[in-house]
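Chains as they are written, first to last, in the numbering used here: chain A, 1112 to 1431; chain B, 2 to 250. Cβ atoms here follow ideal geometry from the backbone N, Cα and C, with glycine treated the same way. Model, not experiment: these values are computed from the prediction.
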Amino acid sequence: MSRGRIALLLALVALALVPVLAGKFYVDLFAKIMIMAVFAMSLDLLVGVTGLVSLGHAAFFGVAGYAIVLSAGDPYAAVSLWTSLPLAVAASALLALAIGALALRTRGVYFIMVTLAFSQMVYFVFHDTKIAGGSDGTYIYVKPVARIGTWAPFSLEDGKHFYYVVLALLILTFVLLRALLASRFGHALRGIRSNEQRMRALGFNTYAYKLAAFAIAGAVAGLAGYFAAIQFGFVNPEMLAWHQSANVLLMLILGGLGNLVGAITGAFAFVLLQDGFESLTKHWLVLMGAFVIAAVMLLPGGLTRAGDAWRAWRERAGDA
Amino acid sequence: MPEAILAARELTRRFGGLFAVDRVSIEVESGQIHALIGPNGAGKSTLINLLAGELASSAGSISFRGSPLPPASPERMARLGVGRTFQRSNVFLELSAFENCRLAAQARTPRAWAVHERAALCRASNDGAAKALTLVGLGSRGSVLARALSHGERRALEIAMCLATQPCVLLLDEPLAGMDAAESGRMLELLRQLKHDRGILLVEHDMDAVFAVADVITVMVNGAVLASGPPGAVRSDKLVRDAYLGDAV
Chain A
1112 MSRGRIALLL
1122 ALVALALVPV
1132 LAGKFYVDLF
1142 AKIMIMAVFA
1152 MSLDLLVGVT
1162 GLVSLGHAAF
1172 FGVAGYAIVL
1182 SAGDPYAAVS
1192 LWTSLPLAVA
1202 ASALLALAIG
1212 ALALRTRGVY
1222 FIMVTLAFSQ
1232 MVYFVFHDTK
1242 IAGGSDGTYI
1252 YVKPVARIGT
1262 WAPFSLEDGK
1272 HFYYVVLALL
1282 ILTFVLLRAL
1292 LASRFGHALR
1302 GIRSNEQRMR
1312 ALGFNTYAYK
1322 LAAFAIAGAV
1332 AGLAGYFAAI
1342 QFGFVNPEML
1352 AWHQSANVLL
1362 MLILGGLGNL
1372 VGAITGAFAF
1382 VLLQDGFESL
1392 TKHWLVLMGA
1402 FVIAAVMLLP
1412 GGLTRAGDAW
1422 RAWRERAGDA
Chain B
2 MPEAILAARE
12 LTRRFGGLFA
22 VDRVSIEVES
32 GQIHALIGPN
42 GAGKSTLINL
52 LAGELASSAG
62 SISFRGSPLP
72 PASPERMARL
82 GVGRTFQRSN
92 VFLELSAFEN
102 CRLAAQARTP
112 RAWAVHERAA
122 LCRASNDGAA
132 KALTLVGLGS
142 RGSVLARALS
152 HGERRALEIA
162 MCLATQPCVL
172 LLDEPLAGMD
182 AAESGRMLEL
192 LRQLKHDRGI
202 LLVEHDMDAV
212 FAVADVITVM
222 VNGAVLASGP
232 PGAVRSDKLV
242 RDAYLGDAV
């Protein structure tokens, strides 16, 4: 077994033990981080794998949260997990398909601006209208129930149950996206990132490939957004604001692009640092900014490639 | 009578006031190597880009096996079977030679969207890649990263990738540029072998090579066709001698 696999397995065991060893605060914090890790992996499919830098990814994250509220009708009645989750994910995927179909007609920096513009449009739809409480947002009073007939395998109201559901979600997303990357579809996406002109000359319909990737990434972001909304217990327009898109992009850059492990690492680093800096000063954003700049300069490949950066530095020091 | 696979009629491409390609009619027939020669800036590469669907034409038409084609799209041309290579090697530098060819072959494999199958285990693309690499003489260099290949090997890889897509027309933009004598000799031999069931349009500056392999030669100057015909006739054409060949041959 390779060193990477052993590290991954150890991390998994550690995560599985959190609810056994730590209190409620850490169980909630780590559940939140794992949700963000799923969100970051979905963006990695676009940025790291396909080379599409999107600044509007939070739109798909937030819309899934709103889908829970809007599909419920009565805010005090519990919805079923089994119907609301597919509905929320489908809403995100469809929105991504529509936005992607238009945005993917542009390239490079224009693509970044167009994704930002579309996500801001979605933001203002929820901010400036009375839908789901307008700019105040609205509460999700009752979490979805996971009943099959009369049997309920777990309850999302229970913090530990919620934690393990999210852990399962993280593992499932990682395994499925890994398989996707190893498939011919995944190889084609990497080819597009590397040299789209060549891919077209070989006969690949790169637009269709990019649109499929965009919709899949939107769906997975919706998966994360669904559980984030349930954990927070409310949805508001901040969930789909551009800050959220920028934060998840920072997680990717911190962790390292293109291999999903970096996305997960980045999510942990970002949220834990944010938590640490917040406890030091209310001007935590300054510290965070300084850290990100230092990380980008010292570890251009992200935290997951820190070993490579260290070896390269040692070689240079050895040459001198 | 050989059949014209790819034919351009009165094809024109303007860049502002400049006619890069000016009412060019040209045919690529199966079983033939059609060489396209001319001084720098004559519009040879622009013509290749038009025929490959990379550039949209300003006027004129392109037909494939007799049926006219809708506006340019490189992926459609490639799927029809029009493969092209680039003047400057345009390969995936961070992939190995074999992976480059496998990705190219993948463009032709069925069920390319099957996300549960591992790309590395796809028999059709692996076989196609191995065959293409062997054809161009890179059979033993498959595991080398494209960025670590020599310039000449990268030119060969460029052609192998094109072959892995199983084209019936090859548009080759200066395939011999930067190859040493042995490499170009091998490449010319390969072109002779490939033309049996394919049409080849060859843009090349090496006149010895052109006159050695070409069945038809078209000379372009300033975007327009100056002369076209069998090598012997083109060689003795006074206009061509004055405009381009001089005393070279």
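Please decide whether residue i counts as near chain B, where near means a Cβ-Cβ distance under 7 Å.
i	result
residue 1328 of chain A	no
residue 1113 of chain A	no
residue 1356 of chain A	no
residue 1272 of chain A	no
residue 1285 of chain A	no
residue 1412 of chain A	no
residue 1293 of chain A	yes
residue 1324 of chain A	no
residue 1298 of chain A	yes
residue 1215 of chain A	no
residue 1305 of chain A	yes
residue 1515 of chain A	Here chain A covers residues 1112 to 1431 and nothing more, so residue 1515 of chain A does not appear.
Count the other C-beta atoms from every protein chain shown that fall within 10 angstroms of the C-beta of residue i, then say buried if there are 16 or more, exposed otherwise.
i	result
residue 2 of chain B	Residue placement at residue 2 of chain B is poorly supported in this model, since its pLDDT is 47, which falls under 50; the coordinates still yield a value, given next. Counting Cβ neighbours within 10 Å, residue 2 of chain B comes out exposed, since fewer than 16 surround it.
residue 11 of chain B	exposed
residue 1350 of chain A	buried
residue 152 of chain B	exposed
residue 41 of chain B	exposed
residue 1136 of chain A	exposed
residue 1133 of chain A	exposed
residue 1393 of chain A	exposed
residue 1354 of chain A	exposed
residue 189 of chain B	buried
residue 239 of chain B	exposed
residue 1241 of chain A	exposed
residue 62 of chain B	exposed
residue 1415 of chain A	buried
residue 1380 of chain A	buried
residue 1376 of chain A	buried
First and last residue of the alpha helix (DSSP H) that includes residue i?
i	result
residue 1194 of chain A	1192-1214
residue 1407 of chain A	1395-1409
residue 1145 of chain A	1135-1155
residue 1303 of chain A	1295-1313
residue 1388 of chain A	1372-1391
residue 165 of chain B	152-165
What are the boundary residues of the beta strand (DSSP E) that residue i is part of?
i	result
residue 173 of chain B	170-174
residue 1258 of chain A	Looking at the DSSP string, residue 1258 of chain A is not in any beta strand (DSSP E), and its letter there is neither H nor E.
residue 222 of chain B	217-222
residue 229 of chain B	225-230
residue 1129 of chain A	It is not in any beta strand (DSSP E) - residue 1129 of chain A instead sits in the alpha helix (DSSP H) that spans 1114-1132.
residue 34 of chain B	34-38
residue 9 of chain B	5-16
residue 1 of chain B	Residue coverage of chain B in this structure runs from 2 to 250, which leaves residue 1 of chain B outside it and unanswerable.
Could you tell me how far apart the beta carbons of residue i and residue j are, in whole angstroms, since I believe they sit closer than 8 Å?
i	j	result
residue 140 of chain B	residue 157 of chain B	Between residue 157 of chain B and residue 140 of chain B the Cβ distance is about 11 Å, and since that is not below 8 Å, they are no contact.
residue 207 of chain B	residue 87 of chain B	At roughly 18 Å, the Cβ-Cβ gap does not stay under 8 Å, so residue 207 of chain B and residue 87 of chain B are not in contact.
residue 147 of chain B	residue 65 of chain B	Going by Cβ atoms, the distance from residue 147 of chain B to residue 65 of chain B rounds to 30 Å, so no, they are not a contact pair.
residue 1206 of chain A	residue 1170 of chain A	7 Å
residue 1167 of chain A	residue 1230 of chain A	3 Å
residue 1060 of chain A	residue 1157 of chain A	Lying before the first or after the last residue shown, residue 1060 of chain A is absent from chain A, which here runs from 1112 to 1431.
residue 1333 of chain A	residue 1124 of chain A	Their Cβ separation, rounded to whole angstroms, is 29 Å, which puts residue 1333 of chain A and residue 1124 of chain A out of contact at 8 Å.
residue 1252 of chain A	residue 1186 of chain A	6 Å
residue 1111 of chain A	residue 1374 of chain A	Residue 1111 of chain A is absent from the structure shown; chain A starts at 1112 and stops at 1431.
residue 1330 of chain A	residue 1131 of chain A	That belief does not hold up - the Cβ atoms of residue 1330 of chain A and residue 1131 of chain A are roughly 32 Å apart, past 8 Å.
residue 221 of chain B	residue 96 of chain B	The pair is not a contact, with the Cβ atoms about 35 Å apart (cut-off 8 Å).
Are the C-beta of residue i and some C-beta of chain A separated by less than 7 Å?
i	result
residue 107 of chain B	yes
residue 223 of chain B	no
residue 75 of chain B	yes
residue 205 of chain B	no
residue 101 of chain B	no
residue 16 of chain B	no
residue 66 of chain B	no
residue 91 of chain B	yes
residue 119 of chain B	yes
residue 85 of chain B	yes
residue 166 of chain B	yes
Looking at the ligand SAM, does it come within less than 6 Å of residue i, judged from the CB to the closest heavy atom?
i	result
residue 108 of chain B	Among the components modelled here there is no ligand, and therefore nothing to report on the ligand SAM.
Original post:
Is the number of C-beta pairs between the stretch 119-132 of chain B and the stretch 1314-1324 of chain A that are closer than 8 Å three or more?
Top reply: no
**OP:** Mind the definition here: the stretch 30-37 of chain B touches the stretch 67-84 of chain B only if three or more C-beta pairs lie below 8 Å; say whether that holds.
**Re:** no
Original post:
Within the chosen definition, does the stretch 1363-1370 of chain A reach the stretch 1401-1411 of chain A through at least 3 CB pairs nearer than 8 Å?
Top reply: The stretch 1363-1370 of chain A makes contact with the stretch 1401-1411 of chain A; the number of CB pairs closer than 8 Å reaches 3 or more.
Original post:
Okay, do the stretch 176-194 of chain B and the stretch 6-25 of chain B touch, 3+ Cβ pairs below 8 Å being the bar?
Top reply: no
**OP:** Taking 8 Å as the threshold, find out whether the stretch 48-61 of chain B comes into contact with the stretch 21-30 of chain B through three or more Cβ pairs.
**Re:** yes
Original post:
Does the count of Cβ pairs from the stretch 1210-1221 of chain A and the stretch 1263-1281 of chain A closer than 8 Å reach three?
Top reply: no
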